[in-house]
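First residue of the sequence shown: 1, per our numbering; consecutive thereafter.
Take a look at the structure set out below.
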Amino acid sequence: MERLTGVIRPYAWGSRRVLAELQGRPVPSPAPEAELWLGAHAGAPATLEHGKLDEVIAADPESVLGTATAREFGGRLPFLLKVLAAEEPLSLQAHPDAARAAARFAAGDVNYIDDQHKPELLVALAPFEVLCGFRPLA
């Protein structure tokens, strides 16, 4: 087993304490820290002792991911683990399905930074409020 080091994403709504405390760093952090990314996203891949996770996977996807996963997901890690630390309310989140994400990214839509869909699973580590879903259009 290897140690995976994630990447902090500094968004204005982030906390100056939660991720720093989680990682044993001084509190408060110099700037808001909103998300800790642990995955192989090209925009902010986690690192291992011997390289970036996306590059390690690309070098030998079947060995790293297993044959079935490598084949089903085209040699890509099929998820991105994010630890969120929200100090302020987040903006509206709208996540496309796989077909729409691929089509809009291919069309050059600047709102789609990659061709991946964004299914999400949420596990709360502290009390919070969330709104999920909307009523059908009238």
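For each residue, glycine too, the CB sits at the ideal point set by N, CA and C.
Judged by DSSP in its simplified three-state form, Ile57 adopts helix.
With contacts defined by Cβ atoms closer than 7 Å, Pro45 and Leu53 form a contacting pair. Secondary structure note for Arg9: its beta strand (DSSP E) is the uninterrupted segment 7-9. The same chain holds no residue with a CB closer than 6 Å to that of Leu122 once the five nearest residues on each side in sequence are set aside.
In this structure, Gly39 is the residue among Ala98, Val110, Gly39 with its C-alpha nearest to the C-alpha of Glu55. With a contact defined as Cβ atoms closer than 8 Å, Pro28 and Gly14 miss out at about 11 Å. In terms of Cα proximity to Leu92, the closest of Leu48, His50, Arg25, Leu131 is Leu131. Ranked by Cα distance from Gln23, the options Ala12, Pro89, Gly6, Asp109 are led by Gly6.
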